[in-house]
Amino acid sequence: MDQASPAIRVRRGRMTMITATTSAARANDVALKPPGRLVLLDARFAHGGAWAGVEQLIEMAWHDLRARGRVDLLARNEYALHMVLRRHRDAIPIRYASLTDLAAGVERTRNFPLDRAYRIGHALVDLILAWRVDTGEAARWTIVAQRFDEAQNLATRFFHELARRGAAIGIDVLAQTAGGTAWLGAPDRAVPAELARQATVDLPDHDLATAAQALRDHPDLLSQMMLVDRHGPAILAMHDANRDDLLAARTALRMICLFNHFGYYHESAGFVDRVLPYFDAIVGDDEDSRWNYLGNIYQGLVMTGRADEARGIVEARAAAQLSRPELRAKMHYLLAMAHLRYADAPDLAATEQHLDAALADLARARGTIPESDDAFLTVFIENGLAFLRVRQGRRDEALALCQHGYRRLTETLGEDKHRLHRSVLQYNSAQVCTMLGQLDLALEFYARAIEMDPYYSEYYNEVGNVLQRQERYDEALAAYASADRYSAPYPELFHNRGVCEARLDAWDAAAASLTRSLDLDPDQPDVLVLRAEAAETLGREDAALADLDAALAIDRDLVAARVNRAVIRYRRADYAAALADMDVVVALDDDPDHRDNRGAIHRAMGNAALADRERAAAAALRAA
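Quick note, the sequence shown lines up with residues 1 to 624 if you use UniProt numbering.
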């Protein structure tokens with residue numbers, strides 16, 4: 001009986017209680033007293049922002065690991081630490097900042113992908129797990145996320161991931177909500193009454209006097225993002241307490257901008273409903289403000305699956321209100337992307353209409369805006385047109401648009417301006433060449449993009465994928481190592497690396513990479529199938545069978561998993577179970593090899609007539 005080749009795809013006792021109000025230094029001292037710990041964390045988004053509760057826990061780890069001299073663990077996760085520990089950012093420089101991190105103002109033409117924030121969360125969980133192991137403590141830790149029902153997306157994800165990944169090494173996470181307490185990952189497990197009582201303690205309100213003083217000290221506070229990051233929640237609470245809805249909306253609008261800047265889109269989108277009733281009063285007749293704020297509202301919505309709502313807001317609040325043609329050009333570009341990039345069902349005709357309108361508006365603006373702005377906006381909009389051409393199957397035109405845009409920007413602006421967007425144009429060219437099968441040329445374009453933006457992890461990940469297609473596996477592994485070095489962890493990278501190692505027959509390494517990918521995201525049936533192949537190759541048949549069972553629990557119609565499980569069951573003489581798998585396979589994919597496999601099972605079960613019938617069916621399929 002033949003085993004199916006898996007769908008190997010390269011893709012993108014007593015406890016010491018620490019409360020939220022304990023100072024960092026004191027918390028660190030108290031936390032290390034044996035025999036265990038109970039850590040209370042305030043998860044309220046309205047108080048702690050995107051990483052509410054998480055920041056407190058990470059700060060404890062940071063202080064303790066510094067005291068232990070574990071600079072290796074801190075350095076490996078420095079990007080995540082820099083992003084989350086707001087009060088310590090000056091002490092945690094980023095060695096590998098990409099142009100997306102560094103660019104500001106009009107130079108910042110690429111937003112972070114949604115999963116970049118999730119990668120930060122993965123790194124933070126890594127750090128807590130490593131810290132837990134490094135302490136050598138025997139007793140389990142209990143991490144309590146207080147007011148968990150008031151947390152936002154990123155904090156919620158972190159605590160769920162910490163519960164899932166930490167359970168095996170002695171970390172339990174308890175969620176305290178208005179409805180009671182429950183263990184994350186084990187909601188049916190009883191919570192001891194005393195622990196529930198300890199977890200349900202009063203949390204402090206905002207210090208409104210301090211918020212008022214911050215505004216007096218910094219009259220332009222809302223224009224300074226780092227001050228908004230630090231004081232925004234308290235200022236918003238102060239305006240709410242004063243029932244000043246307009247000032248509250250103005251503050252919420254700045255919070256939208258703040259969270260968009262960091263790529264925290266769910267947190268950004270959560271403020272939109274507070275802002276919209278007062279939006280026109282806030283921006284007045286200032287078209288620049290209207291457009292800039294609408295762009296931020298749009299971004300938070302489209303990145304969280306609310307593209308139709310985003311498009312409707314732009315149409316209602318910009319189409320009739322913007323008169324300057326260069327702003328209308330930007331408006332049409334965003335509407336085009338709402339129809340193309342973010343729509344559930346892309347509308348290519350509407351996309352083209354909006355891009356044509358954008359270029360027409362820009363032509364009307366010519367002579368009234370600086371030549372450098374004209375050049376950049378033209379190239380930017382034509383890059384959107386290149387994306388449309390790819391979707392239309394007109395890839396050669398897309399490549400020509402990207403390269404024409406790169407040349408025009410470089411000739412008009414020089415080598416130093418708009419480096420980010422020029423690197424994106426080279427990257428887009430590389431992607432189009434990859435689609436066209438022009439792999440050597442694709443690698444040239446990737447190299448040019450990397451030269452301008454050397455710490456953007458995705459470039460290296462995709463280079464590794466291209467090198468795999470060329471069977472240059474050792475070079476691909478080097479590219480994946482760079483991708484890993486320049487980013488917080490993401491599962492696609494380790495999947496791709498595992499595929500590469502499997503192709504080199506480095507099965508132990510492949511199994512380790514695939515395990516890392518599954519640790520970050522267990523909901524990957526294809527990765528489970530490949531890890532099962534690694535386990536089987538290494539003689540660990542029980543582990544292989546467990547992975548195939550897990551893959552089919554996620555996707556019961558995954559043909560490769562069913563075939564490979566049938567092979568193992570056949571070898572174990574579990575013919576009825578093997579036949580059940582192959583019956584499903586043939587129903588899903590009536591392939592001659594599958595018929596042969598089912599025939600082999602029938603023959604082993606003593607059903608020669610059925611085996612002959614399967615052999616005849618296979619022959620007919622091959623002859624067809």
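Think of the CB as a built atom: it goes at the ideal place given N, C-alpha and C, for glycine as much as any other residue. Keep in mind that this is a model prediction, so the values were computed, not measured.
Asked, Found
"Tell me whether residue 201 sits in a helix, a strand or coil according to DSSP, three-state version.", "coil"
"When burial is assigned at 16 or more other CB atoms within 10 Å of the CB, is residue 181 buried or exposed?", "buried"
"Check whether the Cβ atoms of residue 586 and residue 598 sit closer than 8 Å, and answer yes or no.", "yes"
"Using only CA atoms, which one of 262, 470, 377 and 610 lies nearest to residue 437?", "470"
"From residue 421 to residue 531, what distance separates their C-alpha atoms?", "39 Å"
"So who's on the other strand from residue 142, going by DSSP bridges?", "38 and 172"
"Bridge partners for residue 181 per DSSP, in chain order?", "176"
"Starting from residue 164, follow the alpha helix (DSSP H) in both directions and report where the run begins and ends.", "153-166"
"Residues in the same chain with beta-carbon distance under 8 Å from residue 413, minus the five sequence neighbours each way, listed in chain order, please.", "372, 375 and 376"
"So is residue 176 buried or exposed if we call it buried at 16+ other beta carbons inside 10 Å?", "buried"
"Are there three or more Cβ pairs, one per stretch, closer than 8 Å when the stretch 298-310 is compared with the stretch 262-275?", "yes"
"Since residue 488 and residue 122 should fall inside the 8 Å C-beta cutoff, what is the C-beta to C-beta distance between them, to a whole number of angstroms?", "6 Å"
"When you compare the CB positions of residue 528 and residue 547, do they come within less than 8 Å of one another, or not?", "yes"
"When you compare the stretch 77-96 with the stretch 105-115, are there three or more beta-carbon pairs, one atom per stretch, that lie closer than 8 Å?", "no"
"Measuring only the C-alpha atoms, how far is residue 405 from residue 501?", "38 Å"
"Does residue 58 pass the burial test, meaning 16 or more other C-beta atoms within 10 Å, or should it be called exposed?", "buried"
"Can you name, in chain order, every residue of its own chain whose Cβ lies under 8 Å from the Cβ of residue 183, other than the five neighbours on each side?", "163, 172, 173, 174, 175, 189 and 191"
"Can you tell me whether residue 13 is helix, strand or coil according to DSSP?", "The predicted model places residue 13 with a pLDDT of 32, which falls under 50 and marks its position as unreliable; any figure quoted below should be read in that light. Here residue 13 sits in coil by DSSP."
"Assuming residue 150 and residue 44 make a contact with CB atoms under 8 Å, what is their CB distance in whole Å?", "4 Å"
"Assuming residue 558 and residue 592 are in contact, meaning their beta carbons sit under 8 Å apart, how far apart are those beta carbons, in whole angstroms?", "Between residue 592 and residue 558 the Cβ distance is about 20 Å, and since that is not below 8 Å, they are no contact."
"Going by CA-CA distance only, name the one from 208, 308, 226 and 304 that's closest to residue 345.", "308"
"How about residue 120 and residue 166: do their beta carbons lie closer than 8 Å?", "no"
"Which whole-angstrom value is the C-beta distance of residue 147 and residue 203, which I expect to be below 8 Å?", "7 Å"
"In terms of alpha-carbon separation, which member of 581, 555 and 553 lies closest to residue 673?", "Absent from the model: residue 673. The displayed extent of the chain is 1 to 624, so no value can be given."
"Comparing C-alpha positions only, which one of 491, 475 and 486 sits nearest to residue 504?", "475"
"Whose C-beta lies closer than 6 Å to the C-beta of residue 594 among residues of the same chain, with five residues either side of it excluded?", "585 and 586"
"When burial is assigned at 16 or more other CB atoms within 10 Å of the CB, is residue 239 buried or exposed?", "buried"
"Residue 154 and residue 264: beta carbons closer than 8 Å?", "yes"
"Following the continuous alpha helix (DSSP H) through residue 337, name the residue where it begins and the one where it ends.", "325-340"
"Output the distance between the C-alpha atoms of residue 134 and residue 81, rounded to the nearest integer angstrom.", "18 Å"
"On the premise that residue 464 lies in contact with residue 483, defined as a C-beta separation below 8 Å, what is that separation, rounded to the nearest angstrom?", "7 Å"
"Can you tell me whether residue 337 is buried or exposed, with buried defined as 16 or more other CB within 10 angstroms of its CB?", "buried"
"One question on the structure: do residue 326 and residue 362 come within less than 8 Å of each other, judged by their Cβ atoms?", "yes"
"Considering only the beta carbon of each residue, do residue 424 and residue 390 sit closer than 8 Å?", "no"
"Taking only three categories from DSSP, how would you classify residue 94?", "coil"
"Go ahead and label residue 533 buried or exposed: buried means 16 or more other beta carbons lie within 10 angstroms of its beta carbon, across all protein chains shown.", "buried"
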